[in-house]
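*Asks:* Pasting a structure below so you can have a look.
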Amino acid sequence: MSKKVTIIGGGVNGICSAFYLQKSGFEIEIIDPTFSDAGTSYGNAGMVVPSHFMPMASPGIIAKGMKWMFDSSSPFYIRPRMDLRLLQWLWRFNKSCNTAHVENSQKLIWQYNELSKQEYKKIYKEEQLEFDFKEQGLLMLYKNEKSKNEEVEIAEHAEQLGLKVEILDQQGVQALNPNVEIEVLGGVYYPGDAHLYSNRFMSEMISLLKSKGVTFIQDRVVGGVVQNNKVKEIRLDNGGIRSIDQLVVTAGTWSWKILKQLGVKLLLEDGKGYSITQKNIDLKPSIPSILTDEKVAITPMASDLRITGTLEISGISTGINKKRVQGFLDAVPRYFPEIKTSLPADQQQIWTGYRPLSFDGVPYVGRSSQLNNLTVATGHGMMGMSLGPGTGKLVSEILLGLPTSLEVELMKIER
Numbered sequence: 001m002s003k004k005v006t007i008i009g010g011g012v013n014g015i016c017s018a019f020y021l022q023k024s025g026f027e028i029e030i031i032d033p034t035f036s037d038a039g040t041s042y043g044n045a046g047m048v049v050p051s052h053f054m055p056m057a058s059p060g061i062i063a064k065g066m067k068w069m070f071d072s073s074s075p076f077y078i079r080p081r082m083d084l085r086l087l088q089w090l091w092r093f094n095k096s097c098n099t100a101h102v103e104n105s106q107k108l109i110w111q112y113n114e115l116s117k118q119e120y121k122k123i124y125k126e127e128q129l130e131f132d133f134k135e136q137g138l139l140m141l142y143k144n145e146k147s148k149n150e151e152v153e154i155a156e157h158a159e160q161l162g163l164k165v166e167i168l169d170q171q172g173v174q175a176l177n178p179n180v181e182i183e184v185l186g187g188v189y190y191p192g193d194a195h196l197y198s199n200r201f202m203s204e205m206i207s208l209l210k211s212k213g214v215t216f217i218q219d220r221v222v223g224g225v226v227q228n229n230k231v232k233e234i235r236l237d238n239g240g241i242r243s244i245d246q247l248v249v250t251a252g253t254w255s256w257k258i259l260k261q262l263g264v265k266l267l268l269e270d271g272k273g274y275s276i277t278q279k280n281i282d283l284k285p286s287i288p289s290i291l292t293d294e295k296v297a298i299t300p301m302a303s304d305l306r307i308t309g310t311l312e313i314s315g316i317s318t319g320i321n322k323k324r325v326q327g328f329l330d331a332v333p334r335y336f337p338e339i340k341t342s343l344p345a346d347q348q349q350i351w352t353g354y355r356p357l358s359f360d361g362v363p364y365v366g367r368s369s370q371l372n373n374l375t376v377a378t379g380h381g382m383m384g385m386s387l388g389p390g391t392g393k394l395v396s397e398i399l400l401g402l403p404t405s406l407e408v409e410l411m412k413i414e415r
C-alpha cells in the first residue's frame with residue numbers, strides 16, 4: 001500500500017487520524033478551509049462519555065421532538081423546508097427509532113467511547129500535551145420524578161453493559177460539587193466519564209503533528225477525478241490539484257458534499273449547536289453535568305466554564321437563534337442558582353458548530369465499496385469530540401489492513 005494519505009477535514013477526527021497514521025509511518029497531508037477555533041471540534045462541551053451509549057435514533061425521541069418543535073426556546077428544532085435529502089434522512093431516522101436498533105448498537109457505541117477515552121489517556125500521558133484531561137465523571141441532573149425515572153432506566157441499561165453507576169439524591173450531588181450550590185431532586189453519576197478542554201486539545205495536536213512533518217493545506221476541495229474505481233486526484237479552490245494514493249474523508253457535516261463530488265452517496269444532516277464560555281470563573285461545578293430536561297451541558301474547563309446546548313437541523317447558516325441560546329442560558333441558574341448567565345452583547349462570543357448526524361445515530365466509519373482507496377469517518381453527531389482518538393485508531397487499522405479494535409460492520413458507509 002502507498003504510504004501517502006490525504007485527509008480532507010481538519011477537525012478532531014481528521015487530526016486524530018493523522019496522528020495514528022503518521023505513527024504507523026504514513027506520509028500525511030490534511031486539507032481544511034480554516035484550521036481555526038471556529039470549527040465544531042473547538043467550541044463543544046469537551047465531554048468523553050462512555051455513558052452516552054444510546055443512539056440518537058431511539059424509541060420516544062420522535063414524540064419528544066414533536067413537542068420541542070413548537071417551543072422557541074427548546075433544545076431541539078427542525079426548520080421545515082422542501083429538501084429531498086432532509087426528507088430521506090427523516091424517513092430513515094424514523095425507521096431507526098426502535099428497540100431492536102438500540103439493542104444492536106448500544107454496546108458498540110459504549111465500546112467506541114471507552115476505546116476513545118483510553119486513547120485520550122495515552123495521548124495525554126505519552127505526548128505530554130496540555131489539554132486539561134480529567135477523569136471526574138459526569139452527572140445527569142434532574143429536578144422531577146419523571147426525569148428521574150427516565151435517567152434511572154438508562155442507568156440500569158448502563159449497569160447491564162458494565163458501566164459503573166451511582167444514583168444520588170440532592171445531598172449526594174451536592175457532595176460532589178462542594179464549591180457551588182445545586183438545586184436538584186438528584187442525579188445519576190457516571191464516574192467513568194471524562195472531560196477536556198477541546199480548544200487546547202486541537203491546538204496542541206496540530207502543533208504536535210506539524211513537528212512530526214504532517215503537511216497542513218488551508219484550502220477547500222471543489223472537485224475530484226475518479227478512474228478505475230479509485231480517486232485519482234482532487235481539485236482545490238485555489239486551482240491546485242493533489243494526486244491521491246489513499247484518501248480519508250473526515251469533513252464532518254460537509255463530508256456528504258465532498259463525497260458527492262466523487263460519486264459517493266452518504267445520508268448526513270447537520271445539527272447546529274451553540275456554546276458560551278465564561279472566562280476565569282471561580283464559582284463553577286467540579287463535575288461536568290447535563291441538565292436532562294433542557295439538554296444543556298455544563299463543563300468546567302481549567303479556569304473557565306463552558307455552557308453548551310441545542311440541536312438545530314436547519315441547514316448550514318451563520319445566523320444565531322438568540323431565543324434558543326437564551327433558553328439554554330436561562331436553564332443554568334435553575335440548577336446552579338449562584339451561576340449568573342446572560343446573552344453576550346457581542347454576538348462573536350456565541351460559538352456555533354455543526355454536528356454531522358447519521359440517520360441512525362451510529363457513525364460512518366469504513367472503506368468505500370465503490371472506491372477502493374477511499375475511507376470515510378463522519379456522522380459522529382454530538383459525540384465527535386468523545387470519539388476522536390478512537391476514530392483515528394480505527395482509520396489507521398483500516399488503512400493498515402489490521403483487525404480493527406471494534407466491530408465496524410454496523411458503521412459501514414453503505415447502509
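In the UniProt record's numbering, the protein residues as written are 1 to 415.
All C-beta atoms in this analysis are idealised placements derived from N, C-alpha and C, irrespective of residue type, glycine included.
As the structure is a prediction and not an experimental result, all values here were calculated from the model.
1. How about Lys233 and Lys272: do their beta carbons lie closer than 8 Å?
2. Would you mind listing the alpha helix (DSSP H) stretches within the segment 29 to 115 that are 4+ residues and don't spill past its ends, in chain order?
3. By the DSSP assignment, the beta strand (DSSP E) with Glu269 in it spans what residues?
4. What are the start and end residues of the beta strand (DSSP E) that includes Met301?
5. With the cut-off set at 8 Å, would you say Gly11 and Gly39 are in Cβ contact?
6. Candidates Lys134, Glu151 and Glu135: which alpha carbon is nearest Tyr141's?
7. Could you check the C-alpha separation between Pro300 and Pro288 for me, to the nearest Å?
8. May I ask you to list the residues that DSSP assigns as paired with Leu311?
9. Quick one: Cα of Glu397 to Cα of Arg81, how far?
10. Which residues mark the beginning and the end of the beta strand (DSSP E) in which Asp169 is found?
11. What is the residue span of the alpha helix (DSSP H) that Gln227 lies within?
12. Can you tell me the Cα-Cα spacing of Asp32 and Ser211, whole angstroms?
13. Helix, strand or coil for Phe328? Go by DSSP, reduced to three states.
14. Take Gln348 as the anchor and find which of Thr404, Tyr274 and Lys260 has the nearest alpha-carbon.
15. Would a C-beta distance cut-off of 8 Å place Gly213 and Leu139 closer than the cut-off?
16. Whether or not the segment 316 to 333 and the segment 282 to 298 are in contact is what I'm after, with contact meaning three or more pairs of Cβ atoms, one per stretch, closer than 8 Å; do they touch?
17. Who does Thr375 pair with in a DSSP beta bridge?
18. My guess is that Pro55 and Ser105 are in contact by the Cβ rule of under 8 Å, so how many angstroms apart are they, rounded?
19. Kindly identify the DSSP beta-bridge partner or partners of Glu27.
20. Among Phe216, Pro389, Val173 and Leu283, which one has its Cα closest to the Cα of Arg242?
21. With a CB to CB cut of under 8 Å and the five nearest residues on each side skipped, what residues in its chain are close to Lys164?
22. Assess, as a yes-or-no matter, whether the segment 221 to 235 is touched by the segment 163 to 177 under the definition of 3 or more beta carbon pairs within less than 8 Å.
23. For Ser303, does the count of other Cβ atoms within 10 angstroms reach 16, so buried, or fall short, so exposed?
24. What does a CB cutoff of less than 6 Å around Pro238 pick up in its chain, not counting 5 residues either side in sequence?
25. Rounded to a whole number of angstroms, what is the C-alpha to C-alpha distance between Asp282 and Asn144?
26. What residue ranges within the segment 175 to 208 form continuous beta strand (DSSP E) runs of no fewer than 3 residues, ordered along the chain?
27. Leaving out five residues before and five after Thr375 in sequence, what residues of the same chain have Cβ atoms less than 8 Å from its Cβ?
28. What residue range does the beta strand (DSSP E) around Pro356 cover?
29. Could you please give the first and the last residue of the uninterrupted alpha helix (DSSP H) stretch that includes Ser255?
30. Starting from the Cα of Gly384, find the closest Cα among Gly353, Pro403 and Val408 and give me that residue.
*Replies:* Reading it off the structure:
1. Working through the sequence shown from its first residue, we reach residue 233 at position 233. Working through the sequence shown from its first residue, we reach residue 272 at position 272. According to the sequence provided, residue 233 is Glu. The question's Lys does not apply to it. Cβ atoms of Glu233 and Lys272: not closer than 8 Å.
2. 61 to 69 and 84 to 96
3. One-based indexing of the sequence shown puts residue 269 at position 269. Leu268 to Gln278 is the extent of the beta strand (DSSP E) around Glu269.
4. For the purposes of this step, residue 301 is taken as residue 301 along the sequence shown, with counting starting at 1. Unbroken beta strand (DSSP E) run through Met301: Val296 to Met301.
5. Residue numbering aside, residue 11 sits at position 11 when the sequence shown is read from its first letter. Residue numbering aside, residue 39 sits at position 39 when the sequence shown is read from its first letter. In contact: Gly11 and Gly39 (Cβ atoms closer than 8 Å).
6. Taking the first residue of the sequence shown as 1, we reach residue 141 at position 141. In the sequence as displayed, the identity of residue 141 is Leu instead of Tyr. The residue with the shortest Cα to Cα distance from Leu141 is Glu151.
7. Residue mapping note: residue 300 aligns to position 300 of the sequence shown, counting from 1. Residue mapping note: residue 288 aligns to position 288 of the sequence shown, counting from 1. If you take the alpha carbons of Pro300 and Pro288, they lie about 6 Å apart.
8. Walking along the sequence shown from the start, residue 311 turns up at place 311. According to DSSP, Leu311 bridges with Phe76.
9. The residue given as residue 397 occupies position 397 in the sequence shown. The residue given as residue 81 occupies position 81 in the sequence shown. About 40 Å.
10. Taking the sequence shown and counting its residues from 1, the one referred to as residue 169 is at position 169. Counting along the chain, the beta strand (DSSP E) containing Asp169 begins and ends at Glu166 to Asp169.
11. Working through the sequence shown from its first residue, we reach residue 227 at position 227. Looking at the DSSP string, Gln227 is not in any alpha helix (DSSP H); the run it does join, the beta strand (DSSP E), is Val221 to Gln227.
12. Counting from one through the sequence shown, the residue named residue 32 turns up at place 32. Counting from one through the sequence shown, the residue named residue 211 turns up at place 211. Cα to Cα, Asp32 sits roughly 18 Å from Ser211.
13. Counted from its first residue, the sequence shown places residue 328 at position 328. If DSSP states are grouped into helix, strand and coil, Phe328 belongs with the helices.
14. As a position in the sequence shown, residue 348 is number 348, starting the count at 1. Ranking the options by Cα distance to Gln348, first place goes to Tyr274.
15. Against the sequence shown, residue 213 aligns to sequence position 213. Against the sequence shown, residue 139 aligns to sequence position 139. No, the Cβ-Cβ distance between Gly213 and Leu139 is not below 8 Å.
16. yes
17. Along the sequence shown, one-based indexing puts residue 375 at 375. According to DSSP, which records beta bridges pairwise, Thr375 is partnered with Val248 and Arg367.
18. In the sequence shown, the residue the question calls residue 55 occupies position 55. In the sequence shown, the residue the question calls residue 105 occupies position 105. Indeed they touch by this definition, with Cβ atoms about 5 Å apart.
19. Start at 1 with the first residue of the sequence shown, and residue 27 comes out as number 27. Lys4.
20. Residue mapping note: residue 242 aligns to position 242 of the sequence shown, counting from 1. Minimum Cα distance to Arg242 is reached at Phe216.
21. For the purposes of this step, residue 164 is taken as residue 164 along the sequence shown, with counting starting at 1. Within the same chain, Lys164 has close Cβ partners Tyr190, Pro191 and Gly192.
22. no
23. Start at 1 with the first residue of the sequence shown, and residue 303 comes out as number 303. Result: exposed.
24. Within the sequence shown, residue 238 is the residue found at index 238, counting from 1. It is Asn, not Pro, that sits at residue 238 in the sequence shown. Hits under 6 Å: Asp219.
25. Translated into the one-based positions of the sequence shown, residue 282 becomes position 282. Translated into the one-based positions of the sequence shown, residue 144 becomes position 144. Taking the straight line from one Cα to the other gives about 29 Å.
26. 186 to 190
27. Stepping through the sequence shown from its first residue, residue 375 is reached at position 375. Contacts found: Gln246, Leu247, Val248, Val249, Gly366, Arg367, Ser368, Val395, Ile398 and Leu399.
28. Mapped onto the sequence shown, residue 356 falls at position 356. It spans Trp351 to Ser358 - the beta strand (DSSP E) in which Pro356 sits, taken as one unbroken run.
29. Stepping through the sequence shown from its first residue, residue 255 is reached at position 255. Where Ser255 is concerned, the enclosing alpha helix (DSSP H) stretches over Ser255 to Gln261.
30. Numbered from 1 along the sequence shown, position 384 holds the residue referred to as residue 384. The candidate whose alpha carbon is nearest that of Gly384 is Gly353.
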